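Mapping of the sequence shown onto the numbering used here: residues 14 to 177, in sequence order.
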Amino acid sequence: MEDQVSSKHTTNAAAYVDTSKAERAVWLMKCPPLVSRSLRAPPSRPVAKVVVSIDPLNSNDDDSPPQFTMELAGTEAGHIPKCYVMDMSKDFIPMSVFSDTPQDINRSLNDKESIIKHLSAANDELGAVGDKKFRKWEDEKRGFVLALQGANEKVEKQMTCSRS
């Protein structure tokens, strides 16, 4: 039942995302550089396993989501932890993909700058539309106030005429 995930190991800086098994769900994972180096092992051996812990007593309860733990299989020397608790989120989290090459980083930063300029222009346009609507609302409000004042003056005149 376990699915083997193939990853293509490249030695040059032109790394890419393997989409050969795109019909399956994919997890994107943000990890520290130490873990990232461990996960870049050749595809001939497993690099990690993910353990899903489900509480059978609360399996029907949506408030108790399954717990995910990743255990690294590498035998690197040093003080690298082998077990990590994974925080899974079903919310949409906007992410940016950065590469190791300076050209891709520059392109990504230029794309972000373009998006920021577009959002700034859209924000200015939205502000102008909001100001226009606010002025229109103020004019309508001023008209209602003047109409009410005129009606009050009429009523007061009629009251003073009827008393005399």
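Glycine included, each C-beta is placed from N, C-alpha and C at the ideal position. The structure displayed is predicted, hence computed values, not measured ones.
Keeping to the same chain, check which residues put their C-beta closer than 8 Å to that of residue i; ignore five residues upstream and five downstream.
i    : result
K170 : none
C96  : T82, M83, E84 and L85
When you compare each of the options to residue i by their alpha carbons, which one comes out closest?
i   : options                   : result
V48 : E84, D144 and Q80         : E84
M99 : S127, L122 and V63        : V63
L41 : H131, M101, K125 and K167 : M101
I8  : P59, T173, C44 and R58    : In the structure as shown, the chain begins at 14 and stops at 177. Residue 8 is therefore absent and cannot be evaluated.
Beta-carbon of residue i versus every beta-carbon of chain D: anything under 7 Å?
i   : result
P45 : Judged by its chain identifiers, the structure shown contains no chain D, having just a single protein chain.
Can you name the start and end residues of the beta strand (DSSP E) that residue i belongs to?
i   : result
V2  : A question about residue 2 goes unanswered here, because the residues of the chain that appear run from 14 up to 177.
M42 : Note, M42: premise wrong, no beta strand (DSSP E); not H, not E.
M99 : C96 to M99
Mind checking residue i: buried by the 16 CB within 10 Å criterion, or exposed?
i   : result
S51 : buried
T24 : With a pLDDT of 45 at T24, under the threshold of 50, the modelled position of that residue is not reliable, and no figure is offered here.
Residues in the same chain with beta-carbon distance under 7 Å from residue i, minus the five sequence neighbours each way, listed in chain order, please.
i   : result
P79 : V65, S66 and I67
A61 : L52, M83, E84, L85 and A86
Output the boundary residues of the alpha helix (DSSP H) element that contains residue i.
i   : result
L85 : Careful: L85 lies outside any alpha helix (DSSP H), inside the beta strand (DSSP E) at Q80 to L85.
P46 : P46 to L52
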